[in-house]
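Before any comments, here is the structure.
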Amino acid sequence: MRGSSLAYPPVIEALRPFIITYASARRVSEFPEEIQALCASIGDRRGNLNFDMMALDAQGKFLKRMNAMISPPQFRFDPEAQGKDFKRQVDSFLSGMKLPEPPKKDPAKLSLPDVLGDGPMAGVRMFLTFGSNRLNHYRTPTVEAVPSSNRLKKILAHPEKETRIGADGILPWLEQFYPPAIMDGMGGFETIEGEFTLRPAGSNGKSQFALLTGEAKIKLDNRTGISYIAQVSIALEYDQDSSDLTRVRGVMETTFPKKDMQGRVVENIRMTAAIESRPE
Numbered sequence: 020m021r022g023s024s025l026a027y028p029p030v031i032e033a034l035r036p037f038i039i040t041y042a043s044a045r046r047v048s049e050f051p052e053e054i055q056a057l058c059a060s061i062g063d064r065r066g067n068l069n070f071d072m073m074a075l076d077a078q079g080k081f082l083k084r085m086n087a088m089i090s091p092p093q094f095r096f097d098p099e100a101q102g103k104d105f106k107r108q109v110d111s112f113l114s115g116m117k118l119p120e121p122p123k124k125d126p127a128k129l130s131l132p133d134v135l136g137d138g139p140m141a142g143v144r145m146f147l148t149f150g151s152n153r154l155n156h157y158r159t160p161t162v163e164a165v166p167s168s169n170r171l172k173k174i175l176a177h178p179e180k181e182t183r184i185g186a187d188g189i190l191p192w193l194e195q196f197y198p199p200a201i202m203d204g205m206g207g208f209e210t211i212e213g214e215f216t217l218r219p220a221g222s223n224g225k226s227q228f229a230l231l232t233g234e235a236k237i238k239l240d241n242r243t244g245i246s247y248i249a250q251v252s253i254a255l256e257y258d259q260d261s262s263d264l265t266r267v268r269g270v271m272e273t274t275f276p277k278k279d280m281q282g283r284v285v286e287n288i289r290m291t292a293a294i295e296s297r298p299e
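Heads up: the sequence shown runs through residues 20 to 299, numbered per the numbering used here.
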């Protein structure tokens, strides 16, 4: 959904009366059976869909469909302009449908996604930024809130000596390190592999510290097989008399190889993620 006009706030509000399901695939034959059956029931024999929306009633009866026209170059890859045009198409799509009136509420207040929980290290917040690129694909701000599992906190407990951990130890963080606007894939990963060093880094009398460093090789599941190396550097803080993790600050960095549909690298774009623990 990153970079998608579906995430444009006015579009979300317009679609609020619906229960939304979303599926992504390279061709119709790879969709879930329910979607394939729906396409067949309305006589749709196309092998590929670009960006289709279908509305069903409360009993699952097909009502209407829209093949959205998304043309980023027409809007100079400006997500606000693209979102407004997609909202216009959604309004036309919904015209004539009898929809429940949404409850009146106060104007929305924008806030960053967060992790709720008692005590330290309920999770982390990750801020992704991107270097300038020829077509400005990555203007959409990207902020992710990632809960901390007990397993992750156990793996990152203060080490008595230098130790090694695999990429699966911090997989929830590595899985957020990808750009928006992946146009030729399903939005997942083929592999995430790597090894990291976790070593003690002294004490200030109130807290003790450790450093996590290393790199992971990330390969997307898209058709052109994009892969990149994530360089990871994270500082970890613990109570002086406990191995329990209380706070993290760190960065992930890479150069993302933007490819065309033929698999040729056309740009190398700097991608950085800043990581902070939540709550503070």
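C-beta atoms are modelled at their ideal positions from N, C-alpha and C, and glycine is treated no differently.
Let's see if you can read the secondary structure: which residues bound the alpha helix (DSSP H) around Leu190?
Counting from one through the sequence shown, the residue named residue 190 turns up at place 171. Residues 190-193.
Looking at the secondary structure, which residues open and close the alpha helix (DSSP H) in which Ala33 lies?
Locating residue 33 in the sequence shown gives position 14, counting from the first residue. Where Ala33 is concerned, the enclosing alpha helix (DSSP H) stretches over 28-33.
Can you have a look at Lys277 and say buried or exposed, based on whether 16 or more other CB atoms are within 10 angstroms of its CB?
Taking the sequence shown and counting its residues from 1, one reaches residue 277 at position 258. Buried, since its Cβ has 16 or more Cβ neighbours within 10 Å.
Counting only runs that start and end within the region 195-244, where is the beta strand (DSSP E) found for 3 or more residues in a row?
208-222, 226-239
C-beta contact flag for Ala254 and Gly269 at 8 angstroms:
Counted from its first residue, the sequence shown places residue 254 at position 235. Counted from its first residue, the sequence shown places residue 269 at position 250. Yes. Within cutoff.
Should Gln93 go down as buried or exposed, given a rule of 16 or more other Cβ atoms within 10 Å for buried?
Taking the first residue of the sequence shown as 1, we reach residue 93 at position 74. Exposed: under 16 other Cβ atoms inside 10 Å.
Over the uninterrupted alpha helix (DSSP H) stretch that includes Phe94, give me the two end residues.
Within the sequence shown, residue 94 is the residue found at index 75, counting from 1. Element bounds for Phe94: n/a, residue is neither H nor E.
Provide the residue span of the beta strand (DSSP E) that contains Lys83, from first to last.
Residue 83 sits at position 64 when you count from the first residue of the sequence shown. Note, Lys83: beta strand (DSSP E), 81-86.
Do Met72 and Arg84 have their C-beta atoms closer together than 8 angstroms?
Here residue 72 refers to the residue found at position 53 of the sequence shown. Here residue 84 refers to the residue found at position 65 of the sequence shown. For Met72 and Arg84, yes; Cβs fall inside 8 angstroms.
Rounded to whole angstroms, what's the CA-CA distance from Leu34 to Ala26? Just pull it up for me.
As a first step, residue 34 is located in the sequence shown; it is residue number 15 there, counting from the start. As a first step, residue 26 is located in the sequence shown; it is residue number 7 there, counting from the start. Approximately 11 angstroms between the Cα atoms of the pair.
Span of the alpha helix (DSSP H) around Glu120
What you label residue 120 is simply residue 101 of the sequence shown in a count that begins at 1. Counting along the chain, Glu120 falls outside any alpha helix (DSSP H), and DSSP gives it neither H nor E.
Selected residue, minimal CA-CA separation from Glu214, among Glu295, Ala186, Pro178, Phe196
For the purposes of this step, residue 214 is identified with residue 195 of the sequence shown, where counting begins at 1. When only C-alpha atoms are compared, the closest one is Ala186.
With H, G and I counted as helix, E and B as strand and the rest as coil, what does DSSP make of Phe105?
Taking the first residue of the sequence shown as position 1, residue 105 is located at position 86. Three-state DSSP puts Phe105 in a helix.
Can you tell me which of the three DSSP states Gln250 falls into?
Position 231 of the sequence shown, counted from the first residue, corresponds to residue 250. DSSP places Gln250 in strand when its eight states are reduced to three.
For Arg268, does the three-state DSSP call read helix, strand or coil?
Numbered from 1 along the sequence shown, position 249 holds the residue referred to as residue 268. In this structure, Arg268 counts as strand in the three-state DSSP scheme.
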